[in-house]
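Enquirer: Its first residue numbered 17, the sequence shown is counted upward by one per residue in the working numbering.
Glycine included, each C-beta is placed from N, C-alpha and C at the ideal position.
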Amino acid sequence: MKALLATVLIALPGLAWGQRVLEFSHDFAFSAHEVNSLAARAYGARLRTLALAGKLDRDPALKARLQRIVPRLLRAAIYERPTAAKLQWEIHSCSECDENASAMAGGKLLVSAEMVRRLRFSDAELAYLLAHEMAHVLAQHTREFVSVARYFVDNGLHRGYRDIRNELSWSFPVMLRMHPVYVQQELEADYIGFVLAAQAGFRPKAMISLIKKLGDGGETVLATHPSEAQRLAQARGMLETARRLYACALKGPAPRRHTRVNRPEVLQCRSCPTISTTSFPSSRESCINSGGATPSSATWSSSTTR
Ligand SMILES: [Zn+2]
Numbered sequence: 017m018k019a020l021l022a023t024v025l026i027a028l029p030g031l032a033w034g035q036r037v038l039e040f041s042h043d044f045a046f047s048a049h050e051v052n053s054l055a056a057r058a059y060g061a062r063l064r065t066l067a068l069a070g071k072l073d074r075d076p077a078l079k080a081r082l083q084r085i086v087p088r089l090l091r092a093a094i095y096e097r098p099t100a101a102k103l104q105w106e107i108h109s110c111s112e113c114d115e116n117a118s119a120m121a122g123g124k125l126l127v128s129a130e131m132v133r134r135l136r137f138s139d140a141e142l143a144y145l146l147a148h149e150m151a152h153v154l155a156q157h158t159r160e161f162v163s164v165a166r167y168f169v170d171n172g173l174h175r176g177y178r179d180i181r182n183e184l185s186w187s188f189p190v191m192l193r194m195h196p197v198y199v200q201q202e203l204e205a206d207y208i209g210f211v212l213a214a215q216a217g218f219r220p221k222a223m224i225s226l227i228k229k230l231g232d233g234g235e236t237v238l239a240t241h242p243s244e245a246q247r248l249a250q251a252r253g254m255l256e257t258a259r260r261l262y263a264c265a266l267k268g269p270a271p272r273r274h275t276r277v278n279r280p281e282v283l284q285c286r287s288c289p290t291i292s293t294t295s296f297p298s299s300r301e302s303c304i305n306s307g308g309a310t311p312s313s314a315t316w317s318s319s320t321t322r
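(1) Using the Cβ count rule (16 or more neighbours within 10 Å means buried), how would you classify SER53?
(2) Would you identify the three-state DSSP class for SER111, choosing helix, strand or coil?
(3) Relative to the C-alpha of GLY217, which residue among ALA263, LEU103 and ASP232 is closest?
(4) What does ALA101 pair with, by DSSP beta-bridge criteria?
(5) In this structure, how does DSSP classify LEU266 when only helix, strand and coil are distinguished?
(6) Going by CA-CA distance only, name the one from CYS113, TRP105 and ALA80 that's closest to ALA119.
(7) When burial is assigned at 16 or more other CB atoms within 10 Å of the CB, is TYR167 buried or exposed?
(8) Give me the DSSP bridge partner(s) of SER128.
(9) Assuming TYR95 and ALA222 are in contact, meaning their beta carbons sit under 8 Å apart, how far apart are those beta carbons, in whole angstroms?
(10) Taking contact to mean at least 3 C-beta pairs separated by less than 8 Å, is the region 126–136 in contact with the region 207–215?
(11) Can you tell me which of the three DSSP states ALA4 falls into?
(12) Under 6 Å Cβ to Cβ from VAL164, same chain only, skipping five residues before and after it: list those, please.
(13) Compare the C-alpha of ARG84 against each of LEU135, ASP139, VAL132 and MET194 and name the closest.
(14) Return the first residue and the last residue of the alpha helix (DSSP H) that ARG136 is part of.
(15) Tell me which same chain residues have a C-beta within less than 7 Å of the C-beta of LEU142, skipping the five on either side of it?
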């Protein structure tokens, strides 16, 4: 897939703050504005339904954990992908809901309070779960998915985003053809999420324990996630790199990127009081200048979970 994230293989041990680990390619058929706007409307409708049923943000302990974890992940995300600062990020928890954890285009996340409790996630495991969801957003997987789907639906190259997305919601044959794309995007989200959470200072071994806790989620023809074995193999292959990123993170957060992007001062996150890009310490000079030994800049099983 041309539009897949181009992962940069990291030459060890030369990691140091100052270079990004991730590169993102742009090869989409539809505008981000259209994709994100539609997702924001769907997310808003979902939140209203949950709120009316008394199922939205009901767990104050989880809310406090999200408030601690999400700003750290956002900083890593903005470091790797400065345009992430322009997104209207939101995260909520739901109770007795169908979702386990999900991400919608433009930064709209939802996580199940029951799943977090049932699987007894540590903060680090929860961070890797959320980083995986944020990765779907950063890599614009929804936009990519529908762009690719144009080749699998009738007259797809001449149809609009909303039209194709609607067909994807009911067409079993098309979804079957798109299955490899789903699986690839999940592995990619694992990869990106692993980098983000390690850069945010969360213990990399938590990614391994998270995958084990999530398990396969059932092997079906339309299972959207790769097998536990696939995920574990990829994660174990990344462990050394993640450890280096984590070691650097312990010395301070990633440096703020100088970018021409119109970065908002405050990122929206309804379940967090305020997430400000100015609230993070900006010094990571020890890692920026160290170069060598320290690294540098360098499921989710429900149908709605990405
Ligand atoms: Zn996913």
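Expert: The structure says:
(1) For the purposes of this step, residue 53 is identified with residue 37 of the sequence shown, where counting begins at 1. Counting Cβ neighbours within 10 Å, SER53 comes out exposed, since fewer than 16 surround it.
(2) For the purposes of this step, residue 111 is taken as residue 95 along the sequence shown, with counting starting at 1. SER111: coil per DSSP, three-state reduction.
(3) Along the sequence shown, one-based indexing puts residue 217 at 201. Comparing Cα-Cα distances from GLY217 to each of ALA263, LEU103 and ASP232, the minimum goes to ALA263.
(4) Against the sequence shown, residue 101 aligns to sequence position 85. DSSP lists no bridge partner for ALA101.
(5) Here residue 266 is taken as the residue at index 250 of the sequence shown, counted from 1. Of the three classes helix, strand and coil, the one that applies to LEU266 here is coil, per DSSP.
(6) Your numbering for residue 119 matches position 103 in the sequence shown. The option with the nearest alpha carbon to ALA119 is TRP105.
(7) Translated into positions along the sequence shown, residue 167 becomes position 151. TYR167 counts as exposed, since fewer than 16 other C-beta atoms from the protein chains shown sit within 10 angstroms of its C-beta.
(8) On the sequence shown, position 112 is the one that residue 128 refers to. BP columns for SER128 point to CYS110.
(9) Taking the sequence shown and counting its residues from 1, one reaches residue 95 at position 79. Taking the sequence shown and counting its residues from 1, one reaches residue 222 at position 206. Not a contact, Cβ separation roughly 20 Å.
(10) Contact fails between the region 126–136 and the region 207–215, because fewer than three Cβ pairs, one in each stretch, are under 8 Å apart.
(11) Residue numbering for the chain in the displayed model covers 17 to 322; residue 4 lies beyond these limits and cannot be assessed.
(12) Here residue 164 corresponds to residue number 148 of the sequence shown, with the count starting at 1. The residues are VAL197.
(13) As a position in the sequence shown, residue 84 is number 68, starting the count at 1. Measuring from the Cα of ARG84, the nearest candidate turns out to be ASP139.
(14) Residue mapping note: residue 136 aligns to position 120 of the sequence shown, counting from 1. No alpha helix (DSSP H) contains ARG136, which DSSP labels as neither H nor E.
(15) Within the sequence shown, numbered from 1, the residue matching residue 142 stands at position 126. Counting only Cβ-Cβ distances below 7 Å, and skipping sequence neighbours, we find ARG81, ILE85 and VAL132.
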